[in-house]
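Using the numbering used here, the first residue of the sequence shown is number 73, and each one after it goes up by one.
All residues carry an ideal CB built from backbone N, CA and C; glycine is no exception.
Presented below is the structure to which this report refers.
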Amino acid sequence: YIMDISELAGLKNVRQDIWEMAQLDGKSYALPLTLSMMGVYYNEELLAKVGAAVPTCVDELFEVCQKLLDAGITPMVFPDKDGWTVKQFVDSVSVTMLENPTETFEKIAAGELQAVEVEQLRTLGQLLLRLHEYAQADFMGTGYEQAIAAFANGEAAMFYQGIWAYPEISKANPELKYAMFPLYGGDFRRVGIEIDSAVAISATTKYPEAAKKFLDFLSQKENAQYFSDSDGTPSVIEGVVYNAPGFQKVYEMVLDGQGINLPSNQWPSNFGGQYASLCQRLLVEKDIEVWLNDLQALILETYAQ
């Protein structure tokens with residue numbers, strides 16, 4: 073369905089590490105334009121109100137949450153009614169908690185590991201539960217749009233979500249002073265990233281040369297700069313400046329080589345939705361043993377297909 077554009081001139085303008093991440097069997101089928109990242113949005117005024125500095129580790133995050141709670145402020149809002157948001161949280165935080173998240177699941181699938189014996193997975197489940205001690209009361213009844221509105225209106229001080237929420241938050245409250253910091257759940261100071269916007273060409277287009285010319289146009293620095301500024305996401309085109317000061321703490325990690333391709337990009341296609349349901353069940357039942365055993369069964373089932 074998609075044309076092989078490995079010889080496209082504009083691909084030379086893409087950062088080499090991102091170009092390689094976007095390839096399939098050494099070939100390119102789309103021109104990457106921007107990245108997505110996840111982190112903790114925080115209300116600058118609410119943190120200042122309780123005298124809290126921006127946390128730099130998970131222990132400091134819990135301290136900030138407790139300060140906010142003691143002041144009668146809801147520390148975090150979670151949109152856990154939507155399974156995809158729970159899955160994205162666990163997926164992105166796992167890169168800071170599991171030494172090799174993709175390999176861990178593959179070893180479980182191969183029978184080399186048991187999920188209940190992987191301490192890093194257990195710690196991941198514990199983090200999810202502990203953070204929800206600082207969530208709004210109805211986190212399982214709150215959807216994505218509701219969570220954005222709650223954060224934008226100052227009903228919660230923090231909101232873990234992707235950079236794609238930025239336009240909606242600003243639209244909901246243009247006066248809100250907020251920024252993002254990375255969440256380090258474990259020992260690995262990394263941030264999960266993936267291609268956000270990319271453009272491909274139909275393999276059956278009647279206008280292949282015109283389509284290639286348009287992709288080359290998009291890859292030019294000045295046009296990629298305009299796209300990034302309009303979209304609010306960091307560009308993968310060399311020389312483009314990311315003009316979003318509130319997200320620099322997370323973006324600097326990407327520039328420093330601490331960005332890692334999200335594990336979900338290697339999951340079997342039928343794994344993610346069921347994994348989301350398991351994580352939602354964990355939030356309700358708070359039983360990590362059941363979660364780990366169910367995860368084991370799910371991996372064995374889906375990775376074998």
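If you run the structure through DSSP and keep just helix, strand and coil, what is residue i?
i: ALA102; result: coil
i: ASN85; result: helix
i: GLN368; result: helix
i: PHE211; result: helix
i: LEU354; result: helix
i: PHE319; result: helix
i: LEU96; result: strand
i: SER164; result: helix
i: GLU281; result: helix
i: MET110; result: strand
i: ASN245; result: coil
i: SER307; result: strand
i: SER47; result: An answer regarding residue 47 cannot be provided, because it is not within the stretch 73 to 377 covered by the chain.
i: ILE424; result: No statement about residue 424 is possible, as the shown extent of the chain runs from 73 to 377 and does not include it.
i: SER341; result: coil
i: VAL313; result: coil
At which residues does the beta strand (DSSP E) containing residue i begin and terminate?
i: GLY331; result: 331-333
i: GLN233; result: 230-234
i: ALA378; result: Outside the modelled stretch of the chain, which goes from 73 to 377, sits residue 378, for which no answer is possible.
i: ALA120; result: Where ALA120 is concerned, there is no enclosing beta strand (DSSP E), although the alpha helix (DSSP H) it sits in stretches over 116-121.
i: SER269; result: 263-271
Let's test the definition: count the other Cβ atoms within 10 Å of the Cβ of residue i and tell me whether it reaches 16, buried, or not, exposed.
i: THR276; result: exposed
i: GLU92; result: exposed
i: THR106; result: buried
i: VAL308; result: buried
i: ASN315; result: exposed
i: CYS137; result: buried
i: TYR279; result: exposed
i: ASP97; result: exposed
i: ASN333; result: buried
i: ASP268; result: buried
i: CYS129; result: exposed
Considering only their Cβ atoms, is the gap separating residue j from residue i smaller than 8 angstroms?
i: TYR232; j: THR168; result: no
i: ALA187; j: ALA221; result: no
i: VAL312; j: LYS293; result: yes
i: MET75; j: ILE273; result: yes
i: GLU266; j: ASN85; result: no
i: VAL190; j: THR176; result: yes
i: PRO104; j: ALA94; result: yes
i: TYR113; j: MET230; result: yes
i: ILE371; j: ALA209; result: no
i: ILE77; j: LEU355; result: no
i: LYS159; j: GLY331; result: no
i: TRP363; j: GLY183; result: no
i: SER100; j: LEU118; result: no
i: GLY215; j: ASP154; result: yes
i: GLY234; j: SER336; result: no
In terms of residue numbering, what span does the alpha helix (DSSP H) encompassing residue i cover?
i: GLY197; result: 191-203
i: CYS129; result: Careful: CYS129 lies outside any alpha helix (DSSP H) and carries neither H nor E.
i: PRO173; result: 173-181
i: ALA376; result: Per DSSP, ALA376 belongs to no alpha helix (DSSP H) and is neither H nor E.
i: PHE223; result: 216-224
Are the segment 246-262 and the segment 316-326 touching by the rule of at least three beta carbon pairs closer than 8 angstroms?
-> yes
Would you check if there are 3 or more beta carbon pairs closer than 8 angstroms linking the segment 196-203 to the segment 267-285?
-> Remark: fewer than three beta-carbon pairs, one from each stretch, lie closer than 8 angstroms, so the segment 196-203 and the segment 267-285 are not flagged as touching.
Is the segment 149-162 touching the segment 235-243 in the sense that three or more CB pairs, one from each, lie closer than 8 angstroms?
-> no
Do three or more CB pairs link the segment 295-304 to the segment 132-148 at distances below 8 angstroms?
-> no
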